[in-house]
Amino acid sequence: MDLHLTSEQTLLRDSAAKFIGAAGAKVARGFRGQELSFAPARLREAGELGWLGMLVPDSANGLGLGLTELALVLEQAGRGLVCEPIGLAAISAAALAQARAPHPMLERVTTGAVLVVPALQEGAFGDDPLAPRTQVAGEGGALRVTGTKAFVCADGADGFLVSASGRDGPELCYVARSASGCTLAATQTVDGRRLSTLSLKDAPADPVPSRQSSRSAVDALHNLALFALSAELLGVMEKAQEITFDYLRIRKQFGKPIGSFQALQHKAVDIYIKTEALRSLVFQIAANNDPYRINPALTAAAKAKASEDALTVTQACIQLHGGIGFTDEHEIGLYLKRAMLLSSLFGNAAAQRRRYVALAGLTA
45 MDLHLTSEQT LLRDSAAKFI GAAGAKVARG FRGQELSFAP ARLREAGELG WLGMLVPDSA
105 NGLGLGLTEL ALVLEQAGRG LVCEPIGLAA ISAAALAQAR APHPMLERVT TGAVLVVPAL
165 QEGAFGDDPL APRTQVAGEG GALRVTGTKA FVCADGADGF LVSASGRDGP ELCYVARSAS
225 GCTLAATQTV DGRRLSTLSL KDAPADPVPS RQSSRSAVDA LHNLALFALS AELLGVMEKA
285 QEITFDYLRI RKQFGKPIGS FQALQHKAVD IYIKTEALRS LVFQIAANND PYRINPALTA
345 AAKAKASEDA LTVTQACIQL HGGIGFTDEH EIGLYLKRAM LLSSLFGNAA AQRRRYVALA
405 GLTA
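And the structure:
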């Protein structure tokens, strides 16, 4: 699929590609098992480039850009195995900017001085984002949140955007990491980073209201999260494909490049088709949806496809590398591990298919 980008979008994509030039497999491998799984200075650099505030309106000192620009940056982040949570920070900044008066944390989030991440998921198999079990009580700015959030990317986080059920339906709340009643329990992931279980017991929170044009703040943030992960998974697939196709051209067997063997060509075509199909879906959503009002069925479809196809593609890429692909020394395995992590966040392919069926009103 050929993208018809404006000159500004092309410059943005090129600057993102330059940014990931200092990342890559070697840097990602270096963060494995570390207490902090990314470089705060790099996150601040992304803030200085304006990426963390790209969805924040001009009126709140953001760039006021759209989903296409977000997808272009996160596609490159996926290609470079960037460890800094650029996507999660950017969508959190967008959520904090929704109200008539932006949240006090917004400016520090958009500059990368602090990190705020979503805490929406409660179970391993995908939940209804609009019916969280976490509860919020109180009125105005005196809210208290009680509940548990799972699989939170809490490394280095200074605060969380927590979904909770209130008197009038689902509400989005900001909870500081240092708040009383807020505890974290971390678990190692397959790619060497950590996910945390966030436990809240009467933790003080600030309300994060929705825009008048959006369905709810929780729904808007959840759909943004699914879209951001889909775009990053696209980048993971693209780079894994690129590495593998280069290997097929240079690796020889029986005096011929192994890419000349028909069986391997068939598998390579399958990889290419899956990658291009996801690219088409991601940028179709980006071109036809407002950041605060994304079609929830389309984002569920994109995340379902991205989660399933990213695993299929990266597994096939390892197989096409033969024995070297199974070693830890080769970088192709890091793309499979990153795909495994991203595909599970906010619900895997099966969970997203169930959500799509419900949203689209389909029956078995």
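So for the sequence shown, our numbering puts the first residue at 45; every next one is plus one.
Built from N, CA and C at the ideal position, the CB exists for glycine as well.
Please classify residue i as buried or exposed, where buried requires at least 16 neighbouring CB atoms within 10 angstroms.
i           : result
residue 244 : buried
residue 222 : exposed
residue 317 : exposed
residue 80  : exposed
residue 313 : exposed
residue 392 : buried
residue 211 : exposed
residue 370 : exposed
residue 50  : exposed
residue 55  : exposed
residue 78  : exposed
residue 402 : exposed
residue 309 : exposed
residue 103 : exposed
residue 144 : exposed
residue 302 : buried
residue 64  : buried
One question on the structure: do residue i and residue j come within less than 9 Å of each other, judged by their Cβ atoms?
i           : j           : result
residue 203 : residue 160 : yes
residue 272 : residue 135 : yes
residue 173 : residue 129 : no
residue 281 : residue 358 : yes
residue 168 : residue 241 : no
residue 189 : residue 158 : no
residue 175 : residue 209 : yes
residue 262 : residue 406 : no
residue 124 : residue 279 : yes
residue 270 : residue 343 : yes
residue 120 : residue 72  : no
residue 372 : residue 110 : no
residue 237 : residue 127 : yes
residue 196 : residue 228 : yes
My guess is that residue i and residue j are in contact by the Cβ rule of under 8 Å, so how many angstroms apart are they, rounded?
i           : j           : result
residue 330 : residue 400 : Contact flag wrong, Cβ pair sits at about 18 Å.
residue 354 : residue 265 : Not really, about 22 Å apart at Cβ, beyond 8 Å.
residue 297 : residue 319 : Rounded, the Cβ-Cβ distance is 25 Å, inconsistent with contact.
residue 59  : residue 93  : 7 Å
residue 142 : residue 260 : That pair is no contact at about 10 Å.
residue 290 : residue 382 : Between residue 382 and residue 290 the Cβ distance is about 19 Å, and since that is not below 8 Å, they are no contact.
residue 91  : residue 156 : 3 Å
residue 364 : residue 311 : 6 Å
residue 97  : residue 137 : 6 Å
residue 118 : residue 276 : 5 Å
residue 395 : residue 225 : Their Cβ separation, rounded to whole angstroms, is 29 Å, which puts residue 395 and residue 225 out of contact at 8 Å.
Report the rounded CA-to-CA distance for residue i versus residue j, giving the unit in angstroms.
i           : j           : result
residue 150 : residue 304 : 54 Å
residue 52  : residue 112 : 11 Å
residue 154 : residue 345 : 29 Å
residue 251 : residue 268 : 19 Å
residue 200 : residue 352 : 29 Å
residue 288 : residue 361 : 6 Å
residue 249 : residue 366 : 52 Å
residue 328 : residue 207 : 28 Å
residue 101 : residue 336 : 11 Å
residue 387 : residue 315 : 17 Å
residue 374 : residue 74  : 14 Å
residue 379 : residue 325 : 21 Å
residue 293 : residue 306 : 13 Å
residue 350 : residue 47  : 19 Å
residue 182 : residue 88  : 35 Å
residue 166 : residue 105 : 33 Å
residue 177 : residue 233 : 25 Å
residue 147 : residue 205 : 12 Å
residue 404 : residue 338 : 14 Å
residue 321 : residue 283 : 15 Å
residue 217 : residue 246 : 13 Å
residue 116 : residue 122 : 10 Å
residue 82  : residue 230 : 16 Å
residue 68  : residue 295 : 23 Å
residue 376 : residue 76  : 16 Å
residue 86  : residue 198 : 17 Å
Counting only beta-carbon separations shorter than 9 Å, does residue i have a partner in chain D?
i          : result
residue 85 : Structure shown: chain D not included; a single protein chain is present.
Tell me residue i's beta-bridge partners as DSSP assigns them.
i           : result
residue 179 : 190, 209
residue 215 : 208
residue 359 : Its beta-bridge partners do not exist; DSSP assigns none.
residue 393 : In the DSSP output, where bridge partners are listed per residue, residue 393 has none listed.
residue 241 : 229
residue 337 : 334
residue 247 : 189
residue 220 : 203
residue 311 : Bridge partners of residue 311: none, in fact.
residue 383 : Partner(s): none; residue 383 has no beta bridge.
CB of residue i to nearest heavy atom of the ligand GDP: below 8 Å?
i           : result
residue 289 : As far as ligands go, the structure on display features none, and thus does not contain the ligand GDP.
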